[in-house]
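Enquirer:
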Amino acid sequence: MVLSEEHRLVDALKRAGLKLTPQRLAIAEALTGDETHPTAQELYARLKPRFSSMSMATIYNTLGALTKIRGCRELEMGGATRFDPNVTPHDHAVCERCGAIRDVELESGEAPDSEPCPLPGFQVERIERVYRGVCAQCAEAA
Ligand SMILES: [Zn+2]
Ligand SMILES: [Zn+2]
-14 MVLSEEHRLV
-4 DALKRAGLKL
6 TPQRLAIAEA
16 LTGDETHPTA
26 QELYARLKPR
36 FSSMSMATIY
46 NTLGALTKIR
56 GCRELEMGGA
66 TRFDPNVTPH
76 DHAVCERCGA
86 IRDVELESGE
96 APDSEPCPLP
106 GFQVERIERV
116 YRGVCAQCAE
126 AA
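Note that the working numbering has the sequence shown beginning at -14, numbered continuously upward.
1. Under 8 Å: does the beta carbon of residue 119 sit that close to some heavy atom of ligand 1?
2. Starting from the C-beta of residue 109, find all residues in its chain whose C-beta is less than 6 Å away, skip the five residues before and the five after it, and write them out in chain order.
3. Please state if the CB of residue 15 and the CB of residue -3 are separated by a distance shorter than 9 Å.
4. With hydrogens ignored, establish whether the beta-carbon of residue 102 is closer than 8 Å to any heavy atom of ligand 1.
5. Distance check for residue 52 and residue 68, CA to CA, integer angstroms please.
6. Check each candidate in 17, 4, 3 and name the one with the smallest Cα separation from residue -8.
7. With DSSP run on the structure shown, which of helix, strand or coil describes residue 22?
8. Can you tell me the Cα-Cα spacing of residue 22 and residue 61, whole angstroms?
9. Please work out which residues of its chain come closer than 8 Å, Cβ to Cβ, to residue 36, disregarding the five sequence neighbours upstream and downstream, and give them in chain order.
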């Protein structure tokens, strides 16, 4: 499962026309299966110890290319741009205490992208719901 997911992002790198350098492969690998919705800075901090020549530009270029061909998704959340390797439609739950952003899988059969928007003339491309509250861990710790 994890392996095929990783292959998907490696394949996406190829489709984006990028050379498969060790750094780009490491970025794809780091993002694969990551459910924390990391920012570019977080990925950089994670990979810098392994690749001393890693630059923010490489991170941004690689993530940008992956996003463009829908290998991953860009999310604006919590005042930061985050990256989501899960490209199937899903919602998010944001914890207001620890800031964790979790995936919320849609009920099967649910097709949120086909709901009309109440705003006249607005053409819906996708619908993203955000649940805000306190996650189970924070609720337990309180
Ligand atoms: Zn929390
Ligand atoms: Zn997500």
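Note that the Cβ used here is the ideal one computed from N, Cα and C, for glycine as well.
Expert: Concretely, from the data shown:
1. The residue you call residue 119 lines up with position 134 of the sequence shown. It does: the Cβ of residue 119 is within 8 Å (strictly closer) of some heavy atom of ligand 1.
2. Translated into the one-based positions of the sequence shown, residue 109 becomes position 124. Taken in chain order, the residues that qualify are 102.
3. Counting from one through the sequence shown, the residue named residue -3 turns up at place 12. Counting from one through the sequence shown, the residue named residue 15 turns up at place 30. No, the Cβ-Cβ distance between residue -3 and residue 15 is not below 9 Å.
4. The residue given as residue 102 occupies position 117 in the sequence shown. Result no, Cβ not under 8 Å from ligand 1.
5. Indexing the sequence shown from 1 puts residue 68 at position 83. Indexing the sequence shown from 1 puts residue 52 at position 67. Answer to the nearest angstrom: the Cα atoms are 8 Å apart.
6. Taking the sequence shown and counting its residues from 1, one reaches residue -8 at position 7. When only C-alpha atoms are compared, the closest one is 17.
7. Residue numbering aside, residue 22 sits at position 37 when the sequence shown is read from its first letter. Note: residue 22 maps to coil in three-state DSSP.
8. In the sequence shown, the residue the question calls residue 22 occupies position 37. In the sequence shown, the residue the question calls residue 61 occupies position 76. Their backbone Cα atoms lie some 10 Å apart in a straight line.
9. Residue numbering aside, residue 36 sits at position 51 when the sequence shown is read from its first letter. Excluding residues within five positions, the ones whose Cβ falls inside 8 Å are 7, 8, 11.
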